[in-house]
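S.K.: Which chain is which? The protein sequence lines are S, Z, X and G, in order.
In this text, residue positions in the first sequence follow our numbering: the first is 6, and each later residue adds one.
In this text, residue positions in the second sequence follow our numbering: the first is 6, and each later residue adds one.
In this text, residue positions in the third sequence follow our numbering: the first is 1227, and each later residue adds one.
In this text, residue positions in the fourth sequence follow our numbering: the first is 1227, and each later residue adds one.
Even glycine gets a Cβ: it sits at the ideal position worked out from N, Cα and C.
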Amino acid sequence: MQNLQITSKLREDFPILKREINGHSLAYLDNAATTQKPQSVIDALVCFYENHNSNVSRGVYTLAEEATEIFEDGRKKVAKFIGAESSSNIIFTRGTTESINLVASAWGEKNLIKGERIIVTEMEHHSNLVPWQLAAQASGAELVYWPLSLEHGSSCVGRLDLHKLDELLTNSVKLLAVTVASNVLGTVNPIAEIVKMAHDRGVLVLADAAQAVARMPIDVTEWNCDFLAFSGHKVYGPTGIGVLYAKQERLNEMSVFQGGGGMIRKVSRQASTWADAPQKFEAGTPPVAEVFGLSAALEYMKKYGMPEIQQHELQLTEHALKRMEEFPDLELYGPADIFERTGVISFNLKNVHPHDVAQVLDEYGIAVRAGHHCTQVLHEQLGIQASLRMSFGLYNEISEIDRLFSALAQVRRIFN
Amino acid sequence: MQNLQITSKLREDFPILKREINGHSLAYLDNAATTQKPQSVIDALVCFYENHNSNVSRGVYTLAEEATEIFEDGRKKVAKFIGAESSSNIIFTRGTTESINLVASAWGEKNLIKGERIIVTEMEHHSNLVPWQLAAQASGAELVYWPLSLEHGSSCVGRLDLHKLDELLTNSVKLLAVTVASNVLGTVNPIAEIVKMAHDRGVLVLADAAQAVARMPIDVTEWNCDFLAFSGHKVYGPTGIGVLYAKQERLNEMSVFQGGGGMIRKVSRQASTWADAPQKFEAGTPPVAEVFGLSAALEYMKKYGMPEIQQHELQLTEHALKRMEEFPDLELYGPADIFERTGVISFNLKNVHPHDVAQVLDEYGIAVRAGHHCTQVLHEQLGIQASLRMSFGLYNEISEIDRLFSALAQVRRIFN
Amino acid sequence: MTNPTIYRKLLLKHARHPKNSGRLKEPDLRATAYNPLCGDELELTLSMTGTVIEACKTQVRGCAICQASASMMSELIIKKTMTEVVQISSQFADSLQKETNDIPQDVECLRPLIALKAHRSRIKCMKLAWEALEDCAAQNQT
Amino acid sequence: MTNPTIYRKLLLKHARHPKNSGRLKEPDLRATAYNPLCGDELELTLSMTGTVIEACKTQVRGCAICQASASMMSELIIKKTMTEVVQISSQFADSLQKETNDIPQDVECLRPLIALKAHRSRIKCMKLAWEALEDCAAQNQT
Ligand SMILES: Cc1ncc(COP(=O)(O)O)c(C=O)c1O
Ligand SMILES: Cc1ncc(COP(=O)(O)O)c(C=O)c1O
Chain S
6 MQNLQITSKL REDFPILKRE INGHSLAYLD NAATTQKPQS VIDALVCFYE
56 NHNSNVSRGV YTLAEEATEI FEDGRKKVAK FIGAESSSNI IFTRGTTESI
106 NLVASAWGEK NLIKGERIIV TEMEHHSNLV PWQLAAQASG AELVYWPLSL
156 EHGSSCVGRL DLHKLDELLT NSVKLLAVTV ASNVLGTVNP IAEIVKMAHD
206 RGVLVLADAA QAVARMPIDV TEWNCDFLAF SGHKVYGPTG IGVLYAKQER
256 LNEMSVFQGG GGMIRKVSRQ ASTWADAPQK FEAGTPPVAE VFGLSAALEY
306 MKKYGMPEIQ QHELQLTEHA LKRMEEFPDL ELYGPADIFE RTGVISFNLK
356 NVHPHDVAQV LDEYGIAVRA GHHCTQVLHE QLGIQASLRM SFGLYNEISE
406 IDRLFSALAQ VRRIFN
Chain Z
6 MQNLQITSKL REDFPILKRE INGHSLAYLD NAATTQKPQS VIDALVCFYE
56 NHNSNVSRGV YTLAEEATEI FEDGRKKVAK FIGAESSSNI IFTRGTTESI
106 NLVASAWGEK NLIKGERIIV TEMEHHSNLV PWQLAAQASG AELVYWPLSL
156 EHGSSCVGRL DLHKLDELLT NSVKLLAVTV ASNVLGTVNP IAEIVKMAHD
206 RGVLVLADAA QAVARMPIDV TEWNCDFLAF SGHKVYGPTG IGVLYAKQER
256 LNEMSVFQGG GGMIRKVSRQ ASTWADAPQK FEAGTPPVAE VFGLSAALEY
306 MKKYGMPEIQ QHELQLTEHA LKRMEEFPDL ELYGPADIFE RTGVISFNLK
356 NVHPHDVAQV LDEYGIAVRA GHHCTQVLHE QLGIQASLRM SFGLYNEISE
406 IDRLFSALAQ VRRIFN
Chain X
1227 MTNPTIYRKL LLKHARHPKN SGRLKEPDLR ATAYNPLCGD ELELTLSMTG
1277 TVIEACKTQV RGCAICQASA SMMSELIIKK TMTEVVQISS QFADSLQKET
1327 NDIPQDVECL RPLIALKAHR SRIKCMKLAW EALEDCAAQN QT
Chain G
1227 MTNPTIYRKL LLKHARHPKN SGRLKEPDLR ATAYNPLCGD ELELTLSMTG
1277 TVIEACKTQV RGCAICQASA SMMSELIIKK TMTEVVQISS QFADSLQKET
1327 NDIPQDVECL RPLIALKAHR SRIKCMKLAW EALEDCAAQN QT
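1. Would you report the Cα separation of alanine 1319(X) and leucine 1354(X), rounded to the nearest angstrom?
2. Count the other CB atoms within 10 Å of the CB of isoleucine 1232(G); is the residue buried (16 or more) or exposed (fewer)?
3. Looking at the structure shown, is phenylalanine 232(Z) part of a helix, part of a strand, or coil, going by DSSP?
4. Give me the Cβ distance between aspartate 367(S) and isoleucine 26(S), rounded to the nearest whole Å; I'm assuming they're in contact under 8 Å.
5. For ligand 2, which residues count as neighbours when the test is a C-beta closer than 5 Å to any heavy atom?
6. If you run the structure through DSSP and keep just helix, strand and coil, what is methionine 1352(X)?
7. Taking C-alpha atoms, which residue in His317(Z), Gln390(Z) and Leu319(Z) lies nearest to phenylalanine 352(Z)?
8. I want to verify the contact list: residues of chain S whose CB lies under 7 Å from the CB of arginine 1287(X), in sequence order.
9. Run the proximity test for glycine 310(Z): is its beta-carbon closer than 6 Å to any non-hydrogen atom belonging to ligand 1?
10. Taking glutamine 381(Z) as the query, report the chain G residues whose CB atoms sit under 8 Å from its CB, ordered along the chain.
11. Alanine 109(S) and tryptophan 137(S): beta carbons closer than 7 Å?
12. Compare the C-beta of arginine 1337(X) with all C-beta atoms of chain Z and state if any pair is closer than 7 Å.
13. Hey, is glycine 266(S) close to ligand 1, as in C-beta under 6 Å from one of its heavy atoms?
14. Taking 7 Å as the CB-CB cut-off, is serine 1373(G) touching chain S?
15. Measure the Cβ-Cβ separation of glutamine 216(S) and alanine 186(S) and say whether it is below 7 Å.
16. Name, going along the chain, the residues of the stretch 265-277 of chain S whose beta-carbon falls closer than 8 Å to a beta-carbon of chain G.
17. Using DSSP with H/G/I as helix, E/B as strand and the rest coil, what is glycine 247(S)?
18. Identify the contact partners of valine 261(S) in chain Z, using a Cβ-Cβ distance below 9 Å as the criterion.
19. Tell me, please, which residues DSSP counts as bridged to alanine 1294(X).
20. Between arginine 80(S) and chain G, is there a C-beta pair that is closer than 7 Å?
21. Residues of chain X with CB under 8 Å from glycine 376(S), in chain order?
22. Relative to chain S, which residues along the stretch 1289-1304 of chain X have a C-beta separation below 9 Å, given in chain order?
23. Could you name the residues of chain Z that glutamate 172(S) contacts, counting a contact when the two beta carbons are closer than 8 Å?
24. Kindly list, in the order they appear in chain Z, the residues whose Cβ is closer than 8 Å to that of cysteine 1221(G).
25. Assuming lysine 252(S) contacts asparagine 94(S) (C-beta within less than 8 Å), just tell me the rounded distance between them.
26. If we count the other Cβ atoms within 10 Å of its Cβ and call it buried at 16 or more, is cysteine 1282(X) buried or exposed?
27. Is it a yes or a no for the stretch 62-80 of chain S touching the stretch 235-243 of chain S, going by three-plus beta-carbon pairs under 8 Å?
28. Considering only the alpha carbon of each residue, which of Trp1356(G), Ile1279(G) and Cys1292(G) lies closest to serine 1347(G)?
29. Spell out a yes or no on whether the stretch 314-325 of chain Z and the stretch 396-406 of chain Z are touching, meaning 3 or more CB-CB pairs, one atom from each, closer than 8 Å.
30. Would you report the Cα separation of leucine 167(S) and valine 200(S), rounded to the nearest angstrom?
31. If I measure Cβ to Cβ from asparagine 401(Z) and keep anything under 6 Å in the same chain, skipping five residues before and after, which residues do I get?
32. Considering only C-alpha positions, which residue in the set His360(S), Tyr369(S), Gly207(S) and Gly370(S) is nearest to histidine 378(S)?
33. Along chain S, in chain order, which residues have C-beta atoms closer than 7 Å to that of lysine 42(Z)?
34. Can at least three beta-carbon pairs, one atom from the stretch 332-350 of chain Z and one from the stretch 210-224 of chain Z, be found at a separation below 8 Å?
35. Just checking my contact of glycine 339(Z) with glycine 145(Z) at CB under 8 Å: how many whole Å lie between their CB atoms?
36. Alpha carbon to alpha carbon, what distance is there between valine 382(S) and histidine 130(S)?
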């Protein structure tokens, strides 16, 4: 329980946690949607705008050099954080969604032809699904689903079965897009194994790490994935910034994404040539302040250590799963075993709509999400329209979970 | 000269202006690249992260409702600032570049066919050029240039001649992409007239307002343009946020841009249906903090008034143009008449490379830009490879311009 | 939230025991409405005598607020003309939009819903039934 | 910037009166380099005797730093083997990269350039000639 003690101190780093909501202190349990920001991240933004703000790459004056340094240093920090070979493998985007669209478009355009296949899983977020629908429509490729294994028992376990993947990996498959950790079920997928299986059949892998980077150690070199995407705002960093990691070979086989300033080598009247990666994929003025904020966020997590953050989250998860057992009318979606999951926990209270539950919880200052969490295919597969989701961050405490369960008992009283 | 007095007070609103560079106080004259931020914009970002940070649109709890309110209120403020009919005409993007790519892709895909034409001008920024090259290549449409009228005399005037446009507006033309104000020449183009001429021939108009929104009053309804694009970071707002205005009819005829969360209506396995505009074009978690910052920036400009800001800038411009006359070895690119231009002034000192000039100016704390300013076609047309650019913001003062010219005299001494 | 429970009682009554729930067998007008944010769905069926709504049923797959709103609406619109109910619908929408708390007489009975208007995220839930109603009205016009 | 003028004198001498400026008529090796940020261009021509650089000329369209770097490079590489100059090039690159100010003996004469390394935006200007040189070396290998 040692690192739970860390938490009570580090809560002071997050100004928003001092807020009162409807007379209660805020219990923010929607970290899968977005995370709160430590003072150091807010300070980084302020520091940038108060001292270094300038456009990057093109100026020879002091501010422009400082901004460029901050920006490129951010690239190095991200590369290091996820274990990438080099900072030139790091493309800055607006978020996970744009990162995946970039691959689906710039890689898909050149590498997908009619009749070929892309595999996605039934647990994908719309952002790792719709871009592939669009790429399939544009190229004539086919979208194939790696189905979930649902075992209804005391709880509904949603896992991906590697034997099923084996069957799906036929010759015509070009790419597999899979989440590292589900934003609903909490399930953690064995990416390294999946990549190995896929690569053995010549299939590329895009890993959606939106729900993973803040929750577990990441190592793209060890995982050997071809692409990896995540968002700054889900890793205690600012909005408006995301990352796409791509292997050098993949960068070489991609056409351009958006056109404009910064991504060109030479523009002539009818055609242009392109800068090298990563600049080739970063058209327009980049989000420099946001990169500085993201760097501060990664520093912040590093200070506590990803294994420690993960362990803390799993302790909270264990407690929450245990408290759930007191509610026979509560249906859990996702593994009940903390060794297969993160602290993202979705569930329903029988006979109460998740919207109504979340609304009552808000009256107690507790923030959880209700809805389909951008996973309609998964929800259809689970046979439900919507669910409730609590998801933990490094600042959450056991007592907040207890408050949630007391409030749930209250909800039951109101609606039954 | 009244509003120059305002300036000396409002400088205090900009923390970065207190910086010393190489022992001199910062004279920031690169506002065409990016603008500095007033305290109120920085405070807005801090306020968002310290009090309201949450993902938008999908949460029923208090923070999520506040964030959604901030986000949609920002849309209304932008609509009002540029005179748009409704906030549903406002799409939030990452910047001007992405806004233009959105149109070139989502409008171009559905509305451009082989043999049709797009007109761009020779003074366009790469961000309003390369996307059209890509759209032309994708559709088989042809890119046609509206040539500059260059009259070399005491200075090199770069204007767009409406008679030439008349000749170019043939039946096959579908769209004209033109900047409101040049980021090099400073030339202001008569958008309302251009739109009228184009519409008379059934040609749509995209106005690149990246260099206009901070410099003059904007009214999309009066101008009647079909699309208008600008960036937050060039209007005293944060990086990572941009705007695309589009008329309702145009929104109706556009296919999707990027796929993902937030832009869908219903996702099923092989295909999806889309949300209404503007959400249809905003895939992924939007830059909520940045929208709040942009709102604060627009408020800030409104406080002083756009006509007043414009007048102030023109006073500075007049002074700078006059001082230039002392330098017979200085070549000006763009109109010498302040009634045709903004405070973006490009020039060269004969026999000294712009890089070297900018480097020496930096030693005196003066920030100007050297290079091709993302306008290689224009620079080719001007017969030069690179130029120097000074560009004013609402906080600049006459004394900073005088410092620049003293330093230029110094440069001449060093290099000749 | 000012004393939400007093409203909740009435809302919950409607949500638990919705009036006019289900589907009319041979409706004159039918419309569905959908909330993409949560997947909630609603089906409205109406039978008409001339311009007057004779009978009305709603089939709801949604939250308590959505259910209650549909139930209250059904009570309110039966025996009224299409023109009248469209006006009521727009008064309801206005009341949800405006800053003040005064509520026009015609939609006074919707006060328990309108009282929740500060919860902007729930407006769509409240409006789902009314969207279906306006859809029916539009069909009736053409 | 620590007393930049002392360097500037030497740099400016090279920039104003560049050594080995122009193009060799019948070069054994030829390469161009381009700076997309400002459009600067440079052409390097070399004539070889075996592996030794016999003559070298650079045609520069660029700033003073780019010009000076090309001029200094030309003085440094003539009569050296390709292997030697590639090593010098990488020592130069290392010196621009590292935090400390000590400079290896072989590139001591490039000190006026290396002294400007804090100006990261100018590194590309300094390196343009050396990029062309490395291109020539690569051609020579194959
Ligand atoms: C006229 C013009 N258009 C487009 C752009 C691109 O803007 P951004 O880089 O913010 O996308 C700029 C600025 O760089 C510009 O000056
Ligand atoms: C698994 C997963 N993928 C992708 C996304 C999309 O991220 P963003 O909205 O930041 O682009 C999210 C979060 O919304 C997610 O949870």
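M.R.: Once the coordinates are examined:
1. Here the alpha carbons of leucine 1354(X) and alanine 1319(X) stand approximately 11 Å from one another.
2. Note that isoleucine 1232(G) has pLDDT 48, beneath the 50 cutoff, so the model's placement of it is unreliable and no number is given.
3. Strand.
4. Contact between aspartate 367(S) and isoleucine 26(S) holds: their C-beta atoms lie close to 7 Å from each other, under 8 Å.
5. This selection yields Gly100(S), Thr101(S), Thr102(S), His130(S), Ser132(S), Thr184(S), Asn188(S), Asp213(S), Ala215(S), Gln216(S), Ser236(S), Gly289(Z) and Thr290(Z).
6. Reduced to three states, the DSSP call for methionine 1352(X) is helix.
7. Between phenylalanine 352(Z) and the set His317(Z), Gln390(Z) and Leu319(Z), the nearest pair of CA atoms involves Gln390(Z).
8. Under the 7 Å cutoff, chain S gives Gln390.
9. Glycine 310(Z) Cβ: outside cutoff for every heavy atom of ligand 1.
10. Simply Gly1265.
11. Their beta carbons are under 7 Å apart, which means alanine 109(S) touches tryptophan 137(S) by this criterion.
12. Chain Z has no Cβ within less than 7 Å of the Cβ of arginine 1337(X).
13. Checking the Cβ of glycine 266(S) against ligand 1 gives yes.
14. There is simply no residue 1373(G) to check, as chain G begins at 1227 and stops at 1368 in what is shown.
15. Here glutamine 216(S) is near alanine 186(S), since their CB atoms are less than 7 Å apart.
16. If you check each beta-carbon in the stretch 265-277 of chain S against every beta-carbon of chain G, the ones closer than 8 Å belong to Ile269, Arg270 and Lys271.
17. Correct three-state label for glycine 247(S): strand.
18. Neighbours of valine 261(S) on chain Z, chain order: Val135 and Leu139.
19. Looking at the DSSP assignment, alanine 1294(X) forms no beta bridge with any residue, so it has no partner.
20. Not closer than 7 Å to any Cβ of chain G, the Cβ of arginine 80(S) fails to qualify, so no.
21. The CB of glycine 376(S) comes closer than 8 Å to the CB of Leu1263, Cys1264 and Gly1265 in chain X, given here in chain order.
22. Cβ contacts with chain S: Cys1289, Ala1290, Ile1291, Cys1292 and Gln1293.
23. Ordered by position in chain Z, no residue passes the 8 Å Cβ test against glutamate 172(S), which lies about 18 Å from the chain.
24. This structure cannot speak to residue 1221(G), because chain G is shown only from 1227 to 1368.
25. Going by Cβ atoms, the distance from lysine 252(S) to asparagine 94(S) rounds to 7 Å, so yes, they are a contact pair.
26. With 16 or more neighbouring CB atoms inside 10 Å of its own CB, cysteine 1282(X) falls in the buried class.
27. Not touching, per the Cβ criterion.
28. Per the Cα distances, Cys1292(G).
29. The stretch 314-325 of chain Z, when compared against the stretch 396-406 of chain Z, does touch it at the 8 Å Cβ threshold.
30. Rounded to the nearest angstrom, the gap between the Cα atoms of leucine 167(S) and valine 200(S) is 11 Å.
31. Within the same chain, asparagine 401(Z) has close Cβ partners Leu321.
32. Looking at the Cα atoms, His360(S) is the closest of the given residues.
33. Within chain S, the residues placing a beta-carbon under 7 Å from that of lysine 42(Z) are Tyr54 and Asn58, ordered along the chain.
34. Taking a cut-off of 8 Å for Cβ pairs, the stretch 332-350 of chain Z and the stretch 210-224 of chain Z touch, as three or more such pairs fall below it.
35. By a beta-carbon distance limit of 8 Å, glycine 339(Z) does not contact glycine 145(Z). Their separation comes to about 35 Å.
36. The alpha-carbon atoms of histidine 130(S) and valine 382(S) are separated by roughly 9 Å.
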